[in-house]
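Structure first, commentary second.
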Amino acid sequence: MSVVFLNGQFLPKEDAKISPDDRGFLLADGVYEVTPFYEGVPFALDRHLERLEGGLAFMRISYSVDLIAAMHHKLIAENGLTDAPTALVYLQITRGAAPRTHYFPKDPVEPTVYAFAKAWDRPTPERWDQGFSVATVPDRRWSRVDIKTIGLLPNAMAFQDALEAGADDALLIRDGVAIEGAHMNFWGVFDGTVVTHPRSNHILPGITRGVILELAAEHGIPCVERAIQVEELASAEELFFTGTTGEVRPCVKVDGAPVGDGGVGPLTRRLAELFRAKIEETKSAAVATGL
Ligand code: PDD
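Position 102 of the sequence shown, counting from 1, maps to 210 under our numbering, and the rest follow consecutively.
What follows is the structure, encoded as structure tokens:
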């Protein structure tokens with residue numbers, strides 16, 4: 109039985125009831141976060157909460173994130189996921205339920221706060237070693253995708269279009285630039301340098317992306333933040349994606365054409381190893397401090 113959190117209560121999922129007037133349902137008027145847990149230990153939860161606070165401020169939804177960390181831990185425990193190798197908490201905050209208007213409700217309304225926890229699986233090492241394919245799809249999203257809103261229709265359609273084109277995932281193209289994936293940030297390796305799109309209103313500032321940038325700097329891996337043009341993809345030595353639940357995911361084929369020699373490249377492997385090591389370090393630190 110799945111236990112979820114709704115508006116201050118932990119309850120069985122079957123008992124969680126949300127009003128059909130909820131502005132999340134009617135207008136996609138809300139924000140969300142997905143935070144990974146490894147054997148009950150959150151990874152970069154503080155950064156996820158900081159991004160969430162930024163999103164709430166942008167949306168002008170007044171809600172304190174103070175109790176969210178404790179709620180996440182309790183959800184993981186209540187769902188028996190403390191020992192799960194890989195789990196996550198999905199959290200969504202909408203403006204709340206009110207008669208439908210395009211403008212914000214005139215009378216104060218309580219935000220709707222909903223969260224669930226679940227396990228997820230890493231690809232097997234054999235599957236990861238094969239790498240993943242992508243299809244390029246136009247980026248049809250709005251111009252503030254740096255805010256993690258629940259309005260994911262263009263992402264969902266892009267992913268579906270990519271699947272129907274026979275690929276594993278989508279690569280979004282905006283004005284000739286390979287911007288990011290439908291649910292992950294995008295990276296390339298050119299002349300031995302790791303490249304990813306700079307922070308802007310056209311990409312989500314991924315938490316995994318931030319950690320990878322730090323790891324590259326710490327370990328002397330050459331790395332720059334600049335736009336990757338679509339024409340450059342054919343000459344990329346390596347391509348990969350990063351994100352919560354995707355971690356570091358090698359991309360070996362774009363629109364049917366192999367990337368580099370068609371295998372998973374050395375810098376992708378190195379960054380994936382460093383990222384796994386960072387997770388292990390976080391777990392050990394949590395055990396040592398009893399948190
Ligand atoms: N997706 N870009 C987009 C468009 C995303 O939706 C995500 C995350 C990322 C990676 O961000 P992070 O490293 O913070 O997970 C980049 C989440 C996991 C989702 O929608 O389920």
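Using N, Cα and C, we set each Cβ at its ideal position, and we do this for glycine too. Values in this document were obtained by computation on a predicted structure and should not be read as measured data.
> Considering only residues of the same chain and omitting the five flanking positions on each side of Ala-206, which have a CB-CB separation below 8 angstroms?
Replying inline: Excluding positions up to five away in sequence, the list reads Asp-129, Arg-131, Pro-213, Asp-215, Val-217.
> Should Asn-293 be counted as a contact of ligand 1 given a C-beta to heavy atom distance under 7 angstroms?
Replying inline: yes
> Which residues bound the alpha helix (DSSP H) around Phe-383?
Replying inline: 374 to 397
> Quick one: does the C-beta of Ile-184 sit closer than 7 angstroms to a heavy atom of ligand 1?
Replying inline: False, no ligand heavy atom lies under 7 angstroms from that Cβ.
> Going straight from the alpha carbon of Pro-262 to that of Gly-368, what length do you get?
Replying inline: 29 angstroms
>> Measuring alpha carbon to alpha carbon, tell me which residue in Ala-396, Ile-281, Thr-390, Asn-115 is nearest Leu-153.
In response: Thr-390
> Would DSSP call Trp-250 helix, strand or coil?
Replying inline: In this structure, Trp-250 counts as coil in the three-state DSSP scheme.
>> Check whether the segment 289 to 304 and the segment 335 to 350 are in contact - that is, three or more C-beta pairs closer than 8 angstroms.
In response: yes
>> Let's see if you can read the secondary structure: which residues bound the alpha helix (DSSP H) around Asp-277?
In response: Run containing Asp-277: none in the alpha helix (DSSP H); it sits in the beta strand (DSSP E), 277 to 282.
> Relative to the alpha-carbon of Gly-165, which residue among Lys-256, Gly-289, Pro-358 has its alpha-carbon at the smallest distance?
Replying inline: Checking the sequence shown, residue 165 turns out to be Ala, not Gly. Checked all of Lys-256, Gly-289, Pro-358; the closest Cα to Ala-165 is Lys-256.
>> With the cut-off set at 8 angstroms, would you say Phe-240 and Leu-183 are in Cβ contact?
In response: No, they are not a contact pair.
> In chain order, which alpha helix (DSSP H) runs of at least 4 residues are fully inside the segment 172 to 232?
Replying inline: Runs found: 176 to 186.
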